[in-house]
Amino acid sequence: MSEKVTCHEFADILAEHVLRQIKGNRDEHPNPEFRHFAQSVKADADAETIDNEILFLLGFCLSQICAFHIDNQSYFDKLILRFYYSLVSQRSSEPSIFGAIAISRYEGYLEPYALDQKRMVQRPKGMIPWKFMLSQFGKNLRSDFDFETDHSYFVPASIGLGEYIAGNMEFVKKVLDKLEFDKGTS
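Going by numbering that gives the first Met the number 0, the letters in the sequence shown line up with residues 0 to 185, in that order.
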């Protein structure tokens, strides 16, 4: 029998997974598509701002992947709290400010994610996947961002986000049988 992974451990694994993508070579997948898109939206954004916005986007997507696969609400709630706590504690010297921004970004992505999911079920002709999520990503960088008039690098970012989500669906599925749902708060 394989060793079980507690909720706390899984949250830390998820956080490290996202952080590795941000801390690692910025030219590796999936960062180039998001980085080019972010720079096209806000050319004067510094590397840390772009890294943080990518982190918030990828962190949100990873949490939604977990929500798709984990139907134990109590476990999921603990997992997401710990996941964001781990991201905040490893990413910022000012955890309360960074944490508030992370929560704000998480909440800000909920409606665009739901809209994109609805569109994917309907599959309208000429649909660009993840339009609403990436539009929100653009607005997080520049409040006046408008997809309709300013969509440089949008399509590559859309493809990159789709690949990120598909790849991480597999990552989460591989861990599911090792998760320990019945150990209370561990």
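Beta carbons are placed, not taken as given, at the ideal position from N, Cα and C, and that holds for glycine. The structure presented is a predicted model; accordingly, all values stated were derived computationally and were not measured.
Euclidean distance between Cα positions of residue i and residue j
i    : j    : result
P155 : Y74  : 35 Å
S39  : F59  : 22 Å
K3   : Y112 : 31 Å
D149 : C6   : 41 Å
Y163 : D145 : 24 Å
H35  : K138 : 15 Å
L133 : M119 : 15 Å
F170 : E32  : 21 Å
Residue i burial status per 10 Å Cβ neighbour count (16 or more: buried)
i    : result
S185 : With a pLDDT of 41 at S185, under the threshold of 50, the modelled position of that residue is not reliable, and the figure given next carries that caveat. By the neighbour-count rule (16 or more Cβ atoms within 10 Å), S185 is not buried but exposed.
F67  : exposed
S85  : buried
A42  : exposed
F136 : buried
G159 : buried
S142 : exposed
D50  : buried
R122 : exposed
S95  : exposed
M168 : exposed
D76  : exposed
Same chain, Cβ closer than 6 Å to residue i, five either side skipped, listed in chain order
i    : result
G192 : Residue 192 falls outside the range modelled here, since the chain spans only 0 to 185, and no answer is possible.
G98  : V87
F127 : Residue 127 is actually Ile in this sequence, not Phe. Result list for I127: S157, in chain order.
G183 : The predicted position of G183 is uncertain, since its pLDDT is 44 and thus under 50; a value taken from the coordinates is nonetheless stated next. So no residue of the chain qualifies.
F180 : N71, Y74
R104 : F55
S91  : F97
Sub-8 Å separation of residue i and residue j beta-carbons
i    : j    : result
F9   : L54  : no
A37  : E47  : no
A14  : Q63  : no
L57  : Q20  : yes
A44  : L140 : yes
V17  : L80  : no
W129 : G161 : yes
Distance cut-off 7 Å: residue i Cβ against heavy atoms of the ligand ADP
i   : result
L80 : Looking at this structure, you won't find the ligand ADP or any other ligand, since it has none at all.
Same chain, Cβ closer than 8 Å to residue i, five either side skipped, listed in chain order
i    : result
I102 : Y83
I12  : V4, V174
Close-in-space but distant-in-sequence residues of the same chain around residue i (CB under 7 Å, 5 per side omitted)
i    : result
F131 : P111, L114, D115
Closer than 8 Å to chain C by CB, residue i
i   : result
Q89 : No chain C appears in the structure shown, which is made up of a single protein chain.
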